[in-house]
Structure formats: C-alpha cells, structure tokens
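Quick note: the sequence shown uses UniProt numbering, first residue 1, plus one each step.
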Amino acid sequence: MSVEFFPDYFLVKDLTTGASLVRGQNKGNLYVWPQSSRPSHSVSGAHQFFMSSQHNVSSRSWHSRLGHPSQPILQRLISSHCLPVTKSETSVSLCSACLCNKSHKLPFGISTLISNKPFEILFTDVWGPAHIQSFDKNKYYVIFVDYFSKYTWLYPLKNKSDVPTVFRRFKLLVENFFNTRIKTVYSDGSGETQSLGLDLQNLGIQHLKSPPHTPEHVGTAECKHRHVVETALTLLHHASMPPKYWSLAFSTAVYLINRMPTKVLGYHSPYFRLFGKEPNYRKLRIFGCLCYTWLRPYTSHKLQPRSRPCVFVGYSTEHSAYLCLDRSTGKSGTAYLNDPPQVEHSLPDIILIHVPPVPTLPLPPGVLSPLSTPLQVAHLPPPKAVLLPPAPLSHTGRPPHASHSAEAPAQPESALPPVSPASPPPNVIQTRSRNQIFKPKAIFDLHATTHAAPLTEPTSLIQAQKFMEWRNAMSAECDALVSNGTWTLVPSHSSQNVVGCKWIFRIKRHLDGSVARYKARLVAKGFHQRPSIDFIETFNPIVKPVTVRLILTLAVTNGWHLRQLDVNNAFLQGSLSDDVYMTQPPGFVDSTKPHHVCKLQKRFMASDRPLALGSSESQVGDFIAVLAFRFSLKDLGQLSFFLGVEAVNSTSGIFLSQQKYIRDLLARTNMLEANTVSTPISLADTLKLADGSTPTDVTQYRQVVGSLQYLSLTSSDVSFAVNKLS
Numbered sequence: 001m002s003v004e005f006f007p008d009y010f011l012v013k014d015l016t017t018g019a020s021l022v023r024g025q026n027k028g029n030l031y032v033w034p035q036s037s038r039p040s041h042s043v044s045g046a047h048q049f050f051m052s053s054q055h056n057v058s059s060r061s062w063h064s065r066l067g068h069p070s071q072p073i074l075q076r077l078i079s080s081h082c083l084p085v086t087k088s089e090t091s092v093s094l095c096s097a098c099l100c101n102k103s104h105k106l107p108f109g110i111s112t113l114i115s116n117k118p119f120e121i122l123f124t125d126v127w128g129p130a131h132i133q134s135f136d137k138n139k140y141y142v143i144f145v146d147y148f149s150k151y152t153w154l155y156p157l158k159n160k161s162d163v164p165t166v167f168r169r170f171k172l173l174v175e176n177f178f179n180t181r182i183k184t185v186y187s188d189g190s191g192e193t194q195s196l197g198l199d200l201q202n203l204g205i206q207h208l209k210s211p212p213h214t215p216e217h218v219g220t221a222e223c224k225h226r227h228v229v230e231t232a233l234t235l236l237h238h239a240s241m242p243p244k245y246w247s248l249a250f251s252t253a254v255y256l257i258n259r260m261p262t263k264v265l266g267y268h269s270p271y272f273r274l275f276g277k278e279p280n281y282r283k284l285r286i287f288g289c290l291c292y293t294w295l296r297p298y299t300s301h302k303l304q305p306r307s308r309p310c311v312f313v314g315y316s317t318e319h320s321a322y323l324c325l326d327r328s329t330g331k332s333g334t335a336y337l338n339d340p341p342q343v344e345h346s347l348p349d350i351i352l353i354h355v356p357p358v359p360t361l362p363l364p365p366g367v368l369s370p371l372s373t374p375l376q377v378a379h380l381p382p383p384k385a386v387l388l389p390p391a392p393l394s395h396t397g398r399p400p401h402a403s404h405s406a407e408a409p410a411q412p413e414s415a416l417p418p419v420s421p422a423s424p425p426p427n428v429i430q431t432r433s434r435n436q437i438f439k440p441k442a443i444f445d446l447h448a449t450t451h452a453a454p455l456t457e458p459t460s461l462i463q464a465q466k467f468m469e470w471r472n473a474m475s476a477e478c479d480a481l482v483s484n485g486t487w488t489l490v491p492s493h494s495s496q497n498v499v500g501c502k503w504i505f506r507i508k509r510h511l512d513g514s515v516a517r518y519k520a521r522l523v524a525k526g527f528h529q530r531p532s533i534d535f536i537e538t539f540n541p542i543v544k545p546v547t548v549r550l551i552l553t554l555a556v557t558n559g560w561h562l563r564q565l566d567v568n569n570a571f572l573q574g575s576l577s578d579d580v581y582m583t584q585p586p587g588f589v590d591s592t593k594p595h596h597v598c599k600l601q602k603r604f605m606a607s608d609r610p611l612a613l614g615s616s617e618s619q620v621g622d623f624i625a626v627l628a629f630r631f632s633l634k635d636l637g638q639l640s641f642f643l644g645v646e647a648v649n650s651t652s653g654i655f656l657s658q659q660k661y662i663r664d665l666l667a668r669t670n671m672l673e674a675n676t677v678s679t680p681i682s683l684a685d686t687l688k689l690a691d692g693s694t695p696t697d698v699t700q701y702r703q704v705v706g707s708l709q710y711l712s713l714t715s716s717d718v719s720f721a722v723n724k725l726s
C-alpha cells in the first residue's frame, strides 16, 4: 500500500491495483483519519484482513504494550478507552515476566499456636550488636518470652556464643522456681541458635525454627524487641543519660513491660498471668531520678559524709532493693528504700540504704549460678519468704529489713508486712545484727573459694584466665592499647629484634582494704633488647621518694591545696621514634595475622597518678580542667592513697603510713605470725656470707630488701638496717 498526500486530502492506495482504500481530509494542517471509513467493494480479502488486524489486538499484547499492568488496571483501560481487543479473549494468561519480577510475600494470617500453661512454648531471639558498647561491656542481649503469659526475661551478652550457656542457666531457673519443664523453643534459626539446637536436642526439648528471612514466624520475639528498645530509649532520653547505660535501661524496660496490662491478655499484665497476683506498683520510681545512698553504717569514722548522691537506674533482682549508680565512680549497686516521699516529682530525692557487694561462694552443682555480667536482669519474683517485721522508723531511724534466706532470696516485689499500730514493738536499741548489718566473715574453705572472686594477684596468664575479673581487665587493657594506636601489626622478619611481653596483674584497693578494681598491664620485656644495637641508653622518669616528701612538706607548710588525679592510659601519651618490635599480647593474638609482630608507636611509660597542688583552689581546678581537655582523667579529690602510701589529712599536717604495704610484705614472706622486736636490727648477730648452697629463689632476697628500702619512705628508723642488708 501507499499513501499520497495532497493539500486538501490524502489517499491510501493499493500498490498492485492502484485502487483507493481510504480518503481523509486536511483539517487545520492535520490529516485526519476518517472515523467511519469503509473500504470500497473492490478491496480484496487480504486488504480486509489488514484492516481487521489493525483494529483487533489481543489482551496479552495490550498487557505488554502498557508495561505489564495488573489485570484490573488493564481491563479498566480497555473498557474506558474502547481499545480494540480480540473478542475471543476474556482475560490475560499468566505472564512469565510478571511471575519472575513481581513476586512478593503474601500476608501472614493469625497465628494458630495455642499454649495452655506456662513454658509450653518459649520464643527466643538475640538483639545486636549495639553500635555503642554498654558500660558493663555488653553488645547483645537475648530474650526469652513465654507464649502463654507473654512474660519476658532479658540477659545482656558480651558475645553471641554465650546464648547456650545463658539458656542452660535459664532452664535450671525455670525448673527449680516453677517446678515445670520447657516443652518447645521457637527461634529464627540464625547462627547463634544453631549450637543451642544441639543442646535442646540433648535435653529433649523441641526446637522449632522459622524459615530463612521470615521473621513473621517469630513475631512474638520480634515485636518484643521493638517494645523493649522503644521503651528503653525513651527512659534514657527522659533521664538525659548517655547511651552506654542502655543495658540498665533495657533491664528496667523489661521489668516495667512485665507489669503493664496488655490487650492480648485481656488487659491483664504478664506478671498477673504468670503468678496469679497483681504486682506492687507503689514501689516504682522514675528512671534516672536523683537518690541518696545512706553510708553511715559503712563509714570508717564519724566525720565522713552520711550519704552520697546517686542516680536511680532500676530494680535489683537479687534483693528487695533498688539499683543506683554512683555519679562520681560510674559504679552501680543495690540500695534499700527508706521513707519514700509521698509526692514524687520529676527528680525526687530518695534516701537509700547502700548495700556494698560481698563476694559470694559458688552454688553447688545443679543450682543456677549468677551470670558473669555485673547486673542480673532476669526478672523473676521470689517465692514466699519468711520476713521479719521491721521496727517503726520513728523510733529507730533504721530501715526495715527482710531476712535473706538461702532458699528464697528477696526480690523487689517482696513487700514487708505492715506492723499493727495497736501493738507497737518496744523501743529498744537497734544493733547491727538487728538491722541485718554484718561485717564480712572470712570463710576458710579451700574448695569453696576455688571459683570465688580472686583475692590474690595471679602470677601467670593461665591463673588469670580462670577468673572473669582478670579477663575483663585484660580485654579493657587491649582495647585501650588498640584504640590509642599503640602499635601496628607488620610481618615478622629475621632482621628484627622482637622483644617479648607479659601481663602484670594488680588489685587496686581502697583504704579499708576492699577491692577497688582489677588492673592488668601489658609490659614489654626490655631485657630482650641488645645494648648499642636496640638502644644507647635507658631512662625511666620515676619520681624519687625524697621528691614526694619535699612536695608534701611544701603543701603542708604553705597550706596549699593538694589534689590527686588518675589519668587513664597515661603511659600511652609519649610517641616513639625508634623502631621497636614486640610480640603480640599473650591471649590476644590476631587470628588473621598470627605470625605478625607489633611495631610500637607509643612508649610504655609515664605516671598515671599525678598530684596537683597550688595556693589557690580555683587555679588548681582550672589546671585540672585544662588537663582533662587533653587527657582522659578522673579527679580523686584529696590525697588519700598514693604509690602504696596512705595519707591522712588533719589540721596539723599530713600523716603518712604504709600499714597495708607492711601487711602485704609480711604476708608475702610468711611472717605474719612472727614475734615482734624492739629494734630494727639485732646488734648481737653479725652478718655472714652464704654457706655455698644455692637458694631456691635467687631473687627473693633482693626483692625483700628492695621492699624494705621503699618502706623507709615513711619509716626512717629502718633506714640503717636496710642499708646494711643491701
């Protein structure tokens, strides 16, 4: 066919016969196709087929032309715009392109799971890692949700691999406390639950796993994650607390969620559904509010402060008490509530009785032992415990107390029985024992203390790795070394003189002898270096005892203000220009580069307990502020314990003593039970040379004499004897 255009019209002709098939007019400079154009009678059958094929198109073709729309949209277009469609087709057949590229997940229906009693079905899931490590070194948490009661248990985790261990302890808790067994555990089948599946199989517990990438199958746990996280973040925001305290906020959120009515349970709380009684809402306090811990029973003398401001951060699961955070030290502890205010404002002042942590003995086999985390967050109310009625506060000024039995440890939900006003107790003197205040007793049980908190300093890595406290100290030390860029890993070469390194462990104690913290230091073995090759001279900027005495004398004579500071990782502040290579820290070898060595970038030296003194207290404070801007430090206040020397401030000066240092020295030399003498050295005995036999430890004598030399810092009466022995 051909098309011929003329000024007023156009013609469509058959090329073979030259017959005109269609004639259209020119209207407004546009050639318009006639609306009811019919081919003349001379048009052949082939031409009729051509015209029919131009007007009738299959629905499948329209589906492809329009970009593969859905069937309802396609039918609407065809009907509203009168598109020509083959009459024999009523619907579009399945399109393979649409099936491959428009596939989506169908909506899930209502769950058909049915649970008739607690712990028939248990949902579990792991959350994390958190972008900010918590203050207690956790990055994950695992939850266990009872499908029957919707009651939730939350445990912070340092690693995902801790899930099987936590579950075994949780299982024992359920069996001992509720006298029942877990029937089914539902998880998402992720990597951390694979090892848990083996334990469940051995324990005879059914393990159901959701298909891959189908979190809807564990929607109970997923929705609980959202509820917990949103509540915890709200608590942190309202309290204006740093994100590193998220573990405390998450624990408090779970504690509150378990006590909130929910529509799923007919507006009953999970606590009521599980235990059959209403929780005590009167004991709840605002997260992050101000509180004061009562320290009078634990002060060393009567002139020390009676309380200390703290921050309320949750509810204890081991005592009928609250959790409070010391704002000056960053440590958390438990406290009993004493005389709460009747009207609570946004930041109430709650007076709390501080309960210092006491090392506990390990539980016998088969009984749930505490987790390795500093804060237990499994929220279980206690069984019925026998409680002693307290005396009225108006008579004694002491807080009510509960008897903590071994069978039923007191919980925050435990309410003290009220005292009848008709029969008040007699007004008697309240002793320490009446208020459940006891001094820690030393229990000499070798078997029991094997796994208790470490009380001695380990001498090897193997000994230290047996205790969580030392493992945490080593991890903190390595984290500080890596974050400060202390070294870079480089391939080992035969031309390098690689020095070794070792761990040194020290227990930092308070003045009363209690443990302040466990400290691990990584030190290089400098004796591996070769003189004139690796170094020319050695120098260690250690302060001399005479300098310390001079500074303290000037401070006392002139009435200067003396403050003690603690600089975190001060020994990493100096840069190193020489090439020094060291082996990787024992126990912390990079698994991807096990044969590499550490090229040191920083010096392992400097003091971390400097003293700041001056005639103006404000100027000393400004100087400390300048140091704090450059270094990470803590203001320890007045001088109290410095380089093993105890300092007691008084109006007449500073009294220095080394009582603890002397006790440690006597204990190390097994002379605690030795008889005392009136003079430092006996004049009747004369020193003699060794008889020739080799001592068991050739360094012991030098160590003891060196310790005695340091003792002469405050005990000058032994100087002559020490110099004679040296």
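Just so it is clear, CB atoms sit at the ideal spot from N, CA and C, and this is done for glycine as well.
What is the DSSP secondary structure of residue i, counted as helix, strand or coil?
i	result
Tyr-281	coil
Ser-64	helix
Tyr-315	strand
Gln-304	coil
Arg-609	coil
Leu-368	Note that Leu-368 scores a pLDDT of 33, beneath 50, so its modelled location is shaky; the value from the coordinates is reported in the next line. In this structure, Leu-368 counts as coil in the three-state DSSP scheme.
Gln-201	helix
Asn-29	coil
Thr-714	coil
Ser-20	strand
Trp-127	strand
Within the same chain, show all residues whose beta-carbon is closer than 8 Å to that of residue i, passing over the 5 residues directly before and after it, in chain order.
i	result
Gly-485	Gln-601, Lys-602
Glu-120	Tyr-147, Phe-148, Lys-183, Thr-184
Leu-711	Gln-658, Tyr-661, Ile-662, Leu-665, Val-718, Val-722
So which of the options has the shortest CA-CA distance to residue i?
i	options	result
Val-597	Gln-496, Ser-616, His-528	Gln-496
Pro-585	Val-556, Val-482, Pro-680, Glu-673	Val-482
Asp-125	Ser-2, Ile-143, Ile-110	Ile-143
Tyr-581	Val-185, Ser-80, Arg-530, Thr-234	Arg-530
Gln-201	Thr-299, Val-185, Val-718, Leu-562	Val-185
Cys-289	Tyr-322, Pro-695, Leu-687	Tyr-322
Arg-563	Phe-119, Ser-618, Pro-297	Ser-618
Asn-280	Leu-627, Phe-6, Asn-258	Asn-258
Leu-713	Arg-702, Gly-653, Lys-724, Gly-644	Gly-644
Phe-250	Phe-6, Lys-508, His-237	His-237
Cys-98	His-131, Ile-205, Ser-492, His-63	His-63
Trp-560	Trp-487, Gln-638, Ile-542	Gln-638
Classify residue i as buried or exposed, calling it buried when 16 or more other Cβ atoms lie within 10 Å of its own Cβ.
i	result
residue 771	The question about residue 771 has no answer here: the residues shown for the chain are numbered 1 through 726.
Thr-518	Reading the sequence as shown, one finds Tyr at residue 518 and not Thr. The residue in question, Tyr-518, is buried, as its Cβ has 16 or more Cβ neighbours within 10 Å.
Cys-82	exposed
Thr-152	buried
Val-499	buried
Cys-324	buried
Pro-118	buried
Glu-477	buried
Val-626	exposed
Ala-516	exposed
Arg-398	Confidence at Arg-398 is low in this model, with a pLDDT of 38, below 50, so its placement is unreliable and the value that follows should be read with caution. The residue is buried, with at least 16 neighbouring Cβ atoms inside 10 Å.
Could you tell me whether the Cβ atoms of residue i and residue j are closer together than 7 Å?
i	j	result
Val-311	Arg-327	yes
Arg-123	Ala-221	In the sequence under discussion, the amino acid at residue 123 is Phe, which differs from the Arg named in the question. Closer than 7 Å, so yes.
Phe-505	Ala-524	no
Pro-270	Ser-149	yes
Tyr-140	Leu-154	no
Trp-503	Leu-550	no
Pro-695	Ala-721	no
Asp-188	Ser-210	yes
Val-163	Leu-196	yes
Val-567	Leu-633	yes
Asn-138	Ser-247	yes
Report all residues from its chain with a CB closer than 7 Å to the CB of residue i; omit the five preceding and five following residues, and keep chain order.
i	result
Leu-672	Leu-666
Pro-365	Below a pLDDT of 50, predicted positions are generally treated as unreliable, and Pro-365, at 37, falls in that range; no measurement from the model is reported.
Arg-509	Val-515, Ala-516
Spatial neighbours of residue i within its chain, please: CB distance less than 6 Å, with the 5 preceding and 5 following residues excluded, ordered by chain position.
i	result
Glu-4	Leu-11
Arg-273	Ser-149, Leu-265
Within the present structure, is the beta-carbon of residue i separated from the nearest heavy atom of the ligand FMN by less than 6 Å?
i	result
Trp-62	Of ligands this structure carries none, so the ligand FMN is not represented either.
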